[in-house]
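Same order as they appear, the protein sequences are chains A and B.
For the record, in the first sequence the residue sitting at position 130 is 130 according to this note's numbering, with numbers rising by one throughout.
For the record, in the second sequence the residue sitting at position 386 is 1386 according to this note's numbering, with numbers rising by one throughout.
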Amino acid sequence: MFNALTTLQLQEYWWFLTALLAALFVFMTFVQGGQSLLWTLAKTETQRDIIVNTLGRKWELTFTSLVMFGGALFASFPLFYATSFGGAYYVWMAILFCFIIQAVAYEYRKKPGNVFGEKTYEVFLFINGSLGIILIGTALGTLFTGGHFIVNEMHLSHWTTKTYGLEAVLNFFNVAFGFMLFFLARLSAALYFINAVDDASILSRARTVLKYESWIFLILFLYVAGSILTMNGYTYDPQTMVVSVEPMKFLHNFEAMPAVAGIFAVGVLSLLAGLYMGAYTQSDKGIWPAGVGIVLTVTSLMLILGYNHTAYYPSLSDMQSSLTIENSASSRYTLIAMSYVSILVPVVLGYIILVWRAMNREKITADEVENDPHHY
Amino acid sequence: MHHIDPSLIDWSRAQFALTALYHWIFVPLTLGLTFIVAIMETIYVKTGNAWWKKTTKFWMGLLAINFAIGLATGIIMEFEFGTNWSNYSWIVGDIFGAPLAIEGLMAFFMESTFFAVMFFGWDKVSKRTHLLSTWLVAIGSNLSALWILIANGWMQHPVGMHFNPDTARNEMTDFWAVVFNPNAYTKFLHTISSGYVLASLFVIAISSWYLLKKRDIQFAKRSIMVAASFGLMVSLFNLTTGDDAARQVAINQPMKLASMEGLYKGKKGAEIVAFGLLDPSKTLKDNKDPFLVKFAIPGGLSLLSYHSFDAYVPGIEDIVYGNKTHHIMSASEKMQQGKKAVDALKTYKEAKKAGNVQEAKAALNVFEANSKYMGYGYLASPEQTVPNVPLTFYAFHTMVGFGTWFIVLFIIILYLTMTNELHAHRWVLWAGVWSLPMGYIAQEAGWITAEVGRQPWAIQDMLPVGMATSNIASGSVMITFWMFAILFTALLIAEVKIMATQINIGPKEADHV
Chain A
1 MFNALTTLQL QEYWWFLTAL LAALFVFMTF VQGGQSLLWT LAKTETQRDI IVNTLGRKWE
61 LTFTSLVMFG GALFASFPLF YATSFGGAYY VWMAILFCFI IQAVAYEYRK KPGNVFGEKT
121 YEVFLFINGS LGIILIGTAL GTLFTGGHFI VNEMHLSHWT TKTYGLEAVL NFFNVAFGFM
181 LFFLARLSAA LYFINAVDDA SILSRARTVL KYESWIFLIL FLYVAGSILT MNGYTYDPQT
241 MVVSVEPMKF LHNFEAMPAV AGIFAVGVLS LLAGLYMGAY TQSDKGIWPA GVGIVLTVTS
301 LMLILGYNHT AYYPSLSDMQ SSLTIENSAS SRYTLIAMSY VSILVPVVLG YIILVWRAMN
361 REKITADEVE NDPHHY
Chain B
1001 MHHIDPSLID WSRAQFALTA LYHWIFVPLT LGLTFIVAIM ETIYVKTGNA WWKKTTKFWM
1061 GLLAINFAIG LATGIIMEFE FGTNWSNYSW IVGDIFGAPL AIEGLMAFFM ESTFFAVMFF
1121 GWDKVSKRTH LLSTWLVAIG SNLSALWILI ANGWMQHPVG MHFNPDTARN EMTDFWAVVF
1181 NPNAYTKFLH TISSGYVLAS LFVIAISSWY LLKKRDIQFA KRSIMVAASF GLMVSLFNLT
1241 TGDDAARQVA INQPMKLASM EGLYKGKKGA EIVAFGLLDP SKTLKDNKDP FLVKFAIPGG
1301 LSLLSYHSFD AYVPGIEDIV YGNKTHHIMS ASEKMQQGKK AVDALKTYKE AKKAGNVQEA
1361 KAALNVFEAN SKYMGYGYLA SPEQTVPNVP LTFYAFHTMV GFGTWFIVLF IIILYLTMTN
1421 ELHAHRWVLW AGVWSLPMGY IAQEAGWITA EVGRQPWAIQ DMLPVGMATS NIASGSVMIT
1481 FWMFAILFTA LLIAEVKIMA TQINIGPKEA DHV
């Protein structure tokens, strides 16, 4: 089946899967958004327990999505894995530290004898939910703005700044991208709480968050989307593989791929509909259009980043070192083998949906949390 | 290829070793305890006896504490291949990345999805669905071990690939050869069965402590019965898989085997050292006896390695300096060939870039003729091929010695449990308690044997660790090393304290049923 595809089609297929994983991860960061809202939405210990336990049933999925995103990149685009992780060292390490402290925080927060106290683990959750997401967003922003790396003739890479990726925070677009993801995570968390929790005061505060922070998100989104559509992009000649600058490359990519532009438009409208439902109606279903919107929007942005002969990770130190889906991919054999493995993706998504439905059939209440001996 | 900073290699190794050793404190317990919990829940579902539900929930609670820190220490392992071993990621990522991605897809999602059901789904799904979820968590954990050990097994015995000079990397040519690498399977079976042994020791230690304190007696006796039965079965299996794993080492990594046994000079009918103290002043070619004291079984190593008392087992010096009688090529000969391959690859790339077809073709021929030992071309001296012999030797013998003791312990405990005399033999109960730290030491010793014993290779005979690192400042890695050391130690302290507190609270509070 996959043998019939050209090498470029296989690379595009794997870029699509990577894009989809990134999009699902961004949706699942409602867990991080919820962690950052812990002290905003909860004013009593019981309310904090409700929030932590609501998120605690989903946090591992987000964690796994991040790990899977890394694994898929390693298998399909190993030169990106080598160049970005090995070069922007401090940024990725900082992100990983934010996720290490999250992994223990849920389980240890309420446990007697936890050494550092409940508050410390809540701070861990807050750091993961704020700094972790802002840094991931900043790192994703560099896919558009570039990184300071050089890839030599043996395809071995090195970073050219001594700050190893931390310089990304000096670029306003990258940071705005990070904060945009941060507010998006908080908004989707508010929508998720409205959908999954039965506690009047938490819901009321969640709707207030949606009313105000939606505007902050929209301003950031308009800035980021506007910048992407008008910024210089890096294109490459499919014959010579020579990389060159192309003004408004991403706008041109939308023009060249109207279906992707359509997905982007539907995604944005769906997200806005979800936000509106959460902020201005009594519906508890806003998370679904918003979730679909997030997945579609992020996927489409990733597609204009990598498709249509675009360098998805430009090098600011040596333009010809820029990474494309063609020069950074695994071999044709590996891509085919992994494509067969990818047939499992719908199966995995299927059982996740089934379990999600079973676990979310009834809303989480204070009673349920307090009476669960294993509650977080 | 590039200047290699020795301190960068050391810090990168140190950081990877630190994170791997911390991670491995928690993983084996998860591998085994998930199965023990699943067995207990199965008994509950079969019998309908609520007491088993309570028992299941207690051990499940301890599993959750362990599981969380296993995840915390695990996420870094995957990304470290990129952050600290970026050259490695390119040079072998085409093969190595695949099992990692499959691990995520097949195992991690299964674990994380059904973990939530296992802990929070008691009243949300049916009994049988809950039991299925618990089993899926156990299967998912072990599937995860399978794929990561396929990846690790490939590093120890690379198969199913060829080096592509155009991309300057190794590329997969046979997916099934990678998946069914015999080294990976012996490693997988030995590793998971050792995890089951540790989990059995864990249950026995805690239950023994309850019996010593004369509390939760019924709970402790039943838990011990499950754990000792399971433990004896899996430790015997562990013994046979260990034998298989050692044979794979003998075939594919003779230097590791020689280091595990402190065998400097090869011989027919090589003895196996059951116990020994190495002479710290021993160096290569000094003709000194490597051992100050030893107790050895004649012919044992030859028998275990090659199924023959008379088989020749090469020693460290034979492998480093060669042995014409036994057709063993010296490391310096391999280095000469390797350097030819490295130079030819460089010439090939330059000629190709310049459009010089003839020169490129000639260089490619030289490269192909010598590429088998390309990895040796990056070494500075033949002696670099020798790992840290004392560390490998003592780690291996600690693992084997402790493993043998565990079999004896399981037999004694099972016998005394069946005759209902266990509580009367306090020394056995204390032995049960103290065997738990021994189990953890054996786990770590196993990994030290496997990983230190294969140095200097990141990929056996193909890629030395010095060529595999990221090109970053060693100071950066030193900073993150200490950050990991502090953070993981702090989390370990919290984990142990929480675990001890939960154990002290005991099963009575595990459920409100």
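The beta-carbon is built from N, C-alpha and C at its ideal position, and this holds for glycine as well.
Curious, which full-length beta strand (DSSP E) runs of at least 3 residues does the region 1335 to 1406 of chain B contain? The region 1335 to 1406 of chain B is shown to contain no whole beta strand (DSSP E) run of 3 or more residues.
Under 9 Å between C-beta atoms, does B:Ser1112 make it to chain A? Start at 1 with the first residue of the second sequence, and residue 1112 of chain B comes out as number 112. True, the Cβ-Cβ gap to chain A drops below 9 Å.
Members of the region 1155 to 1169 of chain B that neighbour chain A once the beta carbon cut-off is set at 9 Å: Going along the region 1155 to 1169 of chain B in chain order, one finds Asn1164, Thr1167, Ala1168, Arg1169 with a Cβ nearer than 9 Å to chain A.
Positions along the region 10 to 37 of chain A whose CB lies within less than 9 Å of some CB in chain B: Close to chain B, meaning a Cβ-Cβ distance shorter than 9 Å, is no residue of the region 10 to 37 of chain A at all.
C-beta contact flag for A:Ser188 and A:Phe30 at 9 Å: Locating residue 188 of chain A in the first sequence gives position 188, where the first residue counts as 1. Locating residue 30 of chain A in the first sequence gives position 30, where the first residue counts as 1. Closer than 9 Å, so yes.
Three-way DSSP call (helix, strand, coil) for B:Tyr1312 in this model: Along the second sequence, one-based indexing puts residue 1312 of chain B at 312. Correct three-state label for B:Tyr1312: strand.
Buried or exposed by the 16-neighbour rule on C-beta atoms within 10 Å, applied to B:Ser1381: What you label residue 1381 of chain B is simply residue 381 of the second sequence in a count that begins at 1. So B:Ser1381 ends up on the exposed side.
Is there a Cβ from chain B that is less than 9 Å from the Cβ of A:Phe172? Taking the first sequence and counting its residues from 1, the one referred to as residue 172 of chain A is at position 172. It does not: the Cβ of A:Phe172 has no partner Cβ on chain B nearer than 9 Å.
Spatial distance of A:Glu153 from B:Lys1349 (CA atoms): The residue you call residue 153 of chain A lines up with position 153 of the first sequence. The residue you call residue 1349 of chain B lines up with position 349 of the second sequence. Taking the straight line from one Cα to the other gives about 8 Å.
Return the first residue and the last residue of the alpha helix (DSSP H) that A:Gly34 is part of. Translated into the one-based positions of the first sequence, residue 34 of chain A becomes position 34. Run containing A:Gly34: 30 to 36, per the alpha helix (DSSP H) assignment.
Taking the beta strand (DSSP E) that A:Ile150 falls in, what are its first and last residues? Indexing the first sequence from 1 puts residue 150 of chain A at position 150. Segment 149 to 151, the beta strand (DSSP E) holding A:Ile150.
Residue interval of the alpha helix (DSSP H) (run including B:Tyr1131): By one-based count along the second sequence, residue 1131 of chain B stands at place 131. Correcting the residue type first, residue 1131 of chain B is Leu in the shown sequence and not Tyr. From DSSP, the alpha helix (DSSP H) with B:Leu1131 extends over 1127 to 1156.
Rounded C-beta distance between B:Ser1089 and A:Tyr81? I'm assuming under 8 Å. As a working note, residue 1089 of chain B is residue 89 in the second sequence. As a working note, residue 81 of chain A is residue 81 in the first sequence. Separation of the CB atoms of B:Ser1089 and A:Tyr81 is rounded to 5 Å, and the pair is thereby assigned contact status at 8 Å.
Within 9 Å, strictly: CB atoms of A:Thr324 and A:Tyr312: Position 324 of the first sequence, counted from the start, is the residue given in the question as residue 324 of chain A. Position 312 of the first sequence, counted from the start, is the residue given in the question as residue 312 of chain A. Result yes, Cβ atoms of A:Thr324 and A:Tyr312 sit closer than 9 Å.
Along chain A, in chain order, which residues have C-beta atoms closer than 7 Å to that of B:Thr1055? Start at 1 with the first residue of the second sequence, and residue 1055 of chain B comes out as number 55. For B:Thr1055, there are no C-beta contacts with chain A under 7 Å, since the nearest C-beta of that chain is about 14 Å from it.
Closer than 9 Å to chain A by CB, B:Leu1491: In the second sequence, residue 1491 of chain B corresponds to position 491, counting from 1. For B:Leu1491, the answer is yes, since a Cβ of chain A falls inside 9 Å of its Cβ.
Extent of the continuous alpha helix (DSSP H) run through A:Ser204: Sequence index remark: in the first sequence, residue 204 of chain A carries index 204 (1-based). Counting along the chain, the unbroken alpha helix (DSSP H) around A:Ser204 starts and ends at 200 to 230.
CB-CB under 7 Å to B:Met1446, same chain, minus the five flanking residues each way: which ones, in chain order? Indexing the second sequence from 1 puts residue 1446 of chain B at position 446. The residue asked about is misnamed: residue 1446 of chain B is Gly in this sequence, not Met. Counting only residues of its own chain and dropping the five nearest sequence neighbours on each side, B:Gly1446 has a CB closer than 7 Å to the CB of Ser1194, Met1399.
Cutting at 7 Å between CB atoms, please list the residues of its own chain near B:Ile1009, excluding the five before and the five after it. Start at 1 with the first residue of the second sequence, and residue 1009 of chain B comes out as number 9. The beta carbon of B:Ile1009 lies closer than 7 Å to those of Val1465, Gly1466, Thr1469 in the same chain, with the five residues before and after it left out.
Checking 9 Å against the spacing of the C-beta atoms, do B:Leu1018 and B:Phe1367 come in under that value? If you number the second sequence from 1, residue 1018 of chain B lands on position 18. If you number the second sequence from 1, residue 1367 of chain B lands on position 367. At the C-beta level, B:Leu1018 and B:Phe1367 stay beyond 9 Å of one another.
Count the other C-beta atoms from every protein chain shown that fall within 10 angstroms of the C-beta of A:Pro78, then say buried if there are 16 or more, exposed otherwise. As a first step, residue 78 of chain A must be located in the first sequence, where it is residue number 78. Classification of A:Pro78: buried, given that the 10 Å Cβ count is 16 or more.
Pop quiz: A:Met302 and A:Ala22 are said to be a contact at Cβ under 8 Å. What is the actual Cβ separation, rounded to whole angstroms? As a working mapping, residue 302 of chain A is identified with position 302 in the first sequence. As a working mapping, residue 22 of chain A is identified with position 22 in the first sequence. Right, their Cβ atoms sit about 6 Å apart.
Just how far apart, CA to CA, sit A:Gln11 and A:Asn327? Translated into positions along the first sequence, residue 11 of chain A becomes position 11. Translated into positions along the first sequence, residue 327 of chain A becomes position 327. Near 10 Å, if we compare the C-alpha coordinates of A:Asn327 and A:Gln11.
C-alpha distance - A:Tyr106 paired with A:Leu218, whole-angstrom precision: Numbered from its first residue, the first sequence carries residue 106 of chain A at position 106. Numbered from its first residue, the first sequence carries residue 218 of chain A at position 218. Approximately 31 Å, taken between the alpha carbons.
Note down, one range per segment and in chain order, each alpha helix (DSSP H) of at least 4 residues found wholly within the region 243 to 293 of chain A. Correct list: 249 to 256, 258 to 280.
What residues from chain B crowd round A:Lys363, counting only those whose CB sits closer than 9 Å? If you number the first sequence from 1, residue 363 of chain A lands on position 363. Result: empty, since nearest Cβ-Cβ is about 12 Å, beyond 9 Å.
With a cut-off of 9 Å, does the C-beta of A:Met302 fall near any C-beta of chain B? Counting from one through the first sequence, the residue named residue 302 of chain A turns up at place 302. Residue contact check for A:Met302 against chain B: no CB pair falls below 9 Å.
Just list the residues that DSSP pairs B:Asn1170 with in beta bridges. The residue given as residue 1170 of chain B occupies position 170 in the second sequence. Per DSSP, the beta-bridge partners of B:Asn1170 are B:Phe1163.
Closer than 8 Å: B:Ala1458 CB and nearest the ligand COA heavy atom: Ligands displayed in this structure: none; no statement on the ligand COA is therefore possible.
Chain B within 9 Å of A:Leu61, Cβ atoms only: Looking up residue 61 of chain A in the first sequence gives position 61. At a cut-off of 9 Å, the C-beta of A:Leu61 has a neighbouring C-beta in chain B.
Go ahead and pull the three-state DSSP assignment for B:Lys1268. Locating residue 1268 of chain B in the second sequence gives position 268, counting from the first residue. Strand at B:Lys1268.
Does the beta carbon of B:Val1117 sit closer than 9 Å to a beta carbon anywhere in chain A? Position 117 of the second sequence, counted from the start, is the residue given in the question as residue 1117 of chain B. Chain A, which has a Cβ nearer than 9 Å to the Cβ of B:Val1117, makes this yes.
Tell me which same chain residues have a C-beta within less than 6 Å of the C-beta of B:Ile1407, skipping the five on either side of it? Locating residue 1407 of chain B in the second sequence gives position 407, counting from the first residue. Excluding sequence neighbours, B:Ile1407 sits near Ser1235.
Tell me which residues share the same chain as A:Ala366 and place their Cβ nearer than 7 Å to its Cβ, disregarding the 5 neighbours each side in the sequence. Within the first sequence, the letter at position 366 stands for residue 366 of chain A. Take A:Ala366, set aside five residues on each side of it, and the residues of its chain with a beta-carbon closer than 7 Å to its own are Thr46, Ile50, Asp199, in chain order.
Candidates B:Trp1085, B:Gly1097, B:Thr1113, of which the one nearest A:Thr62 by Cα: Indexing the first sequence from 1 puts residue 62 of chain A at position 62. Among B:Trp1085, B:Gly1097, B:Thr1113, the Cα nearest to that of A:Thr62 is on B:Thr1113.
Going along chain A in order, which residues have a C-beta closer than 7 Å to the C-beta of B:Leu1100? Taking the second sequence and counting its residues from 1, one reaches residue 1100 of chain B at position 100. Counting only Cβ-Cβ distances below 7 Å, B:Leu1100 has contacts in chain A at Gly71, Phe74, Ala75, in chain order.
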